[in-house]
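**Student:**
Numbering (this note's numbering), first residue to last: -14 to 385.
#1: Taking residue 244 as the reference, give the member of 368, 255, 71 with the closest Cα.
#2: Would you call the stretch 137 to 151 and the stretch 120 to 129 in contact, with 3 or more CB pairs under 8 Å?
#3: Span of the beta strand (DSSP E) holding residue 155?
#4: Could you tell me which residues DSSP puts in a beta bridge with residue 107?
#5: Exposed or buried, residue 150, counting other C-beta atoms within 10 Å across all chains shown (16 or more means buried)?
#6: Quick one: Cα of residue 113 to Cα of residue 199, how far?
#7: Should residue -5 go down as buried or exposed, given a rule of 16 or more other Cβ atoms within 10 Å for buried?
#8: Closer than 7 Å by C-beta to residue 329: which residues in its own chain qualify, once you throw out the five before and the five after it? Chain order, please.
#9: Buried or exposed: where does residue 250 fall if 16 or more other Cβ atoms within 10 Å of its Cβ makes it buried?
#10: Among all the DSSP beta bridges, which residues are the ones paired with residue 5?
#11: Which word fits residue 26, buried or exposed, when buried means at least 16 other C-beta atoms lie within 10 angstroms of its C-beta?
#12: DSSP three-state label for residue 219, please.
#13: How close, in whole Å, do the beta carbons of residue 258 and residue 79 come, if the pair is a contact with beta carbons under 8 Å?
#14: So what does residue 176 bridge to, in DSSP terms?
#15: Three Cβ pairs or more, each shorter than 8 Å: is that satisfied between the stretch 334 to 343 and the stretch 290 to 306?
#16: Once the 5 residues before and after residue 345 are set aside, which same chain residues still bring their CB inside 6 Å of it?
#17: Quick check on residue 17: buried or exposed, where buried means 16 or more other Cβ atoms within 10 Å of its Cβ?
#18: Select from 133, 14, 139 the residue whose C-alpha is nearest the C-alpha of residue 121.
#19: In three-state terms, what does DSSP make of residue 115?
Quick look at the structure:
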């Protein structure tokens, strides 16, 4: 008999009842160090007093009114995002997939309003992940995600990640923009070369395209800067964000320059829940923490410590680890083919550490941004014990 909760996830047999900082406790009393943070979402950790207080106080006043009326919390949050980004205007929604849908619509609307409705196609990249809606599984282009859902939504052309010659060859009269994650999260924690991002910006300027960045996973400080594209010294025309901007509360956003945003007039796009008082109270609380003096410098410092620790661990376990990749506190351990990331994830759980599997046989490490040296040291010890469990010979035996 089918369970009441649809079985579209292979869930681990762990149920958490509370969390504090980077630690979570199960209903049966076990403690885990959370280096997955709800898939890079619990950006300021569990039970953060400032976030908890902001949500509780707002919930006691008013949670939802809809966008038929002004929402002062959303106006404040939008103004703060504009002040700390390339953007001139912000649209709030509920999730990363919604934000990416809105971003693609904004690109198409820009060209239509400028007399080129034929320019609706987006160049996307192999290994991408942009969400689970019909439009975004087409943008993702992964055959596994597309199977069984009918003809893919038209308008997305895929080229190899990091291949500028392929990008230029794919640009045609119907191309409207280029859509890319600065670091492919689900696709294997693969960072785009900073030079490649700069070259994409140049190509967009050359051909009249819009650069659309998917910073759903990389934004809100995860890279050590507020937005990952800032490392490349470029600005997109439009960008999506979600996950960490609400600290665990559902919140997504489309941030855009004026020449894009001005075309999303009343009736062109909308949301019922998006940007409601409760969600934006959470978003403002997260910004309070992330924008505090020294916070991002601390993220960058701790991320480098974790990186060097993982690199040293890779050298100690060459029969298990091929290499380390990623940026900031979005890192990946690339495993040898004889050891699967699922086995590694389970072995880490046995050591008391939560991680997240990613594509290309990578074990993803994405802790809350509030971690310090003690949490890094503890995680490295747990991961070292995890790797000792995972020699290729034992992994093969476990699979039989």
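In this text, a Cβ means the ideal position worked out from N, Cα and C, and glycines have one as well.
**Tutor:** To lay it out plainly:
#1: When 368, 255, 71 are compared, the shortest CA-CA separation from residue 244 is found for 71.
#2: Per the Cβ contact rule, the stretch 137 to 151 is in contact with the stretch 120 to 129 (3 or more Cβ pairs under 8 Å).
#3: In the DSSP assignment, residue 155 falls outside any beta strand (DSSP E) and within the unbroken alpha helix (DSSP H) covering 149 to 155.
#4: 141, 162, per the DSSP bridge assignment.
#5: Label assigned to residue 150: exposed.
#6: Approximately 10 Å between the Cα atoms of the pair.
#7: Result: exposed.
#8: Excluding positions up to five away in sequence, the list reads 320, 348, 371, 375.
#9: Within a 10 Å sphere around the beta-carbon of residue 250 sit fewer than 16 other beta-carbons, which makes this residue exposed.
#10: Bridge pairing for residue 5: 8 [DSSP].
#11: Result: buried.
#12: The answer is coil: DSSP assigns residue 219 none of H, G, I, E or B.
#13: Correct: roughly 5 Å between the Cβ atoms.
#14: DSSP links residue 176 through a beta bridge to 168.
#15: Verdict: no, contact absent.
#16: For residue 345, same chain residues with a beta-carbon under 6 Å away, outside a window of 5 residues either side, are 173 in chain order.
#17: Its Cβ being crowded by 16 or more others within 10 Å, residue 17 is buried.
#18: The candidate whose alpha carbon is nearest that of residue 121 is 139.
#19: If DSSP states are grouped into helix, strand and coil, residue 115 belongs with coil.
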